[in-house]
Every structure is written in structure tokens, then in C-alpha cells.
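The structure under discussion appears below in the form of C-alpha cells.
Residue numbers (the UniProt record's numbering): 1 to 92.
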């Protein structure tokens, strides 16, 4: 993921972006803001880095280490997979 626009150049003042493990089946064709798959907060990975064209650091990549989340025991399916859901931290 590439972050090129932020409302604040601080990595402590922003809500950040979080990756959470999806624990329900979903299809791309049915996703909407009001119809999103359920997620677990356990083991979520966050990054509060703020990168943007106007920031001193410029644009950048917020990095996540999601291996523990993907390898954790939990419901598994053959297909489709249940990749992590990445979104702004304060969206529930």
C-alpha cells in the first residue's frame, strides 16, 4: 500500500491504518460501506505513520508485519481466502 496524501504529517496525531483478520466469508461483488465482513480485533496490526506529498518525509509505504495474523489458528476455508482487512483505524 502506498500512502501519498494525509491530513497531518505527524505519526502520533493521525488515527492510522489497521490490518485486522477477517473471520467471515465475503465476496468482492457484495462489499459496501454498510456491508463489510466481520473482523476480530485480536492480533490486529496498526501503523500510525503519516506520509504525504507535503510532508517532510514525502510519500511513503506504511509497513505491516501480518505473518502472525495470517498464521494464527482460526476458521479456514479453501476458497475464497480470508485476507486481512486494511482500513482506517477509527472506522468500526
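Beta carbons are placed, not taken as given, at the ideal position from N, Cα and C, and that holds for glycine. Nothing here was measured: the structure is a model prediction, and the numbers come from that model.
In the DSSP assignment, what residue or residues form a beta bridge with residue i?
{"i": "residue 7", "result": "Answer by DSSP bridge pairing: none, since residue 7 is not bridged."}
{"i": "residue 32", "result": "35"}
Would you kindly work out how many angstroms separate the C-alpha atoms of residue i and residue j, rounded to a whole number?
{"i": "residue 40", "j": "residue 23", "result": "7 Å"}
{"i": "residue 26", "j": "residue 59", "result": "32 Å"}
{"i": "residue 9", "j": "residue 65", "result": "22 Å"}
{"i": "residue 54", "j": "residue 61", "result": "15 Å"}
{"i": "residue 68", "j": "residue 43", "result": "8 Å"}
{"i": "residue 37", "j": "residue 30", "result": "10 Å"}
{"i": "residue 6", "j": "residue 71", "result": "31 Å"}
{"i": "residue 21", "j": "residue 51", "result": "24 Å"}
{"i": "residue 28", "j": "residue 57", "result": "34 Å"}
Please report the residue range of the beta strand (DSSP E) in which residue i lies.
{"i": "residue 47", "result": "39-47"}
Q.
For the structure I just gave you, are there three or more beta carbon pairs, one from the region 13-31 and one from the region 47-56, closer than 8 Å?
A. yes
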